[in-house]
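First the structure, in the form of structure tokens, and then the observations on it.
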Amino acid sequence: MGWAQRINVFDGINVKNFRNYQDLDVTFSPGVNVFLGANAQGKTNLLEAIYVLALTRSHRTHSDKELIMMGESEARVAGVVEKILGRYHFH
Numbered sequence: 001m002g003w004a005q006r007i008n009v010f011d012g013i014n015v016k017n018f019r020n021y022q023d024l025d026v027t028f029s030p031g032v033n034v035f036l037g038a039n040a041q042g043k044t045n046l047l048e049a050i051y052v053l054a055l056t057r058s059h060r061t062h063s064d065k066e067l068i069m070m071g072e073s074e075a076r077v078a079g080v081v082e083k084i085l086g087r088y089h090f091h
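As structure tokens, then:
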């Protein structure tokens, strides 16, 4: 496999009932994306959702229950990765 087949582009993420996000849909731009906001607005939670999608575990907790928004029974994290050879959806 050549280098072009290994290139990944993370296109976006959708989270439901994850930490402080009831329903968030983010489409990323090619290149560098910057998250700006006041303290306690969810920047780290968004990065954690990306981490969970990539590695199927959190770097901040050992309990999946802590990832679920208070008062909800489940959470969902989904994303889209595009490679030169195709587009892949992860849930």
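When we follow full-length UniProt numbering, the leftmost residue of the sequence shown carries the number 1, and every step to the right adds one. The C-beta atom is built at its ideal place from N, Cα and C for all residues, glycine as well.
1) Just to confirm the assignment, what range does the beta strand (DSSP E) spanning V52 have?
2) Give the DSSP-derived three-state secondary structure of L36 in the structure shown.
3) Measuring only the C-alpha atoms, how far is K16 from D25?
4) Can you give the Cα-Cα distance for R57 and D64, rounded to whole angstroms?
5) Quick check on this structure: which residue in N20, L47, V81 and N39 has the alpha carbon closest to the alpha carbon of E66?
6) Are there 16 or more other CB atoms within 10 angstroms of the CB of W3, so buried, or fewer, so exposed?
Let me lay it out:
1) By 1-based counting over the sequence shown, the position of residue 52 is 52. Looking at the DSSP string, V52 is not in any beta strand (DSSP E); the run it does join, the alpha helix (DSSP H), is K43 to L55.
2) For the purposes of this step, residue 36 is identified with residue 36 of the sequence shown, where counting begins at 1. Residue state, collapsed to three classes: coil.
3) In the sequence shown, counting from the first residue as 1, residue 16 sits at position 16. In the sequence shown, counting from the first residue as 1, residue 25 sits at position 25. Approximately 9 Å, taken between the alpha carbons.
4) By one-based count along the sequence shown, residue 57 stands at place 57. By one-based count along the sequence shown, residue 64 stands at place 64. Those two C-alpha atoms are separated by around 8 Å.
5) Along the sequence shown, read from residue 1 onward, the residue named residue 66 stands at position 66. Answer by Cα proximity: N20.
6) Stepping through the sequence shown from its first residue, residue 3 is reached at position 3. Confidence in W3 is poor, its pLDDT being 49 and thus under 50, which makes the residue's placement unreliable; the coordinate value appears in the next sentence. When all chains shown are included, W3 counts as exposed.
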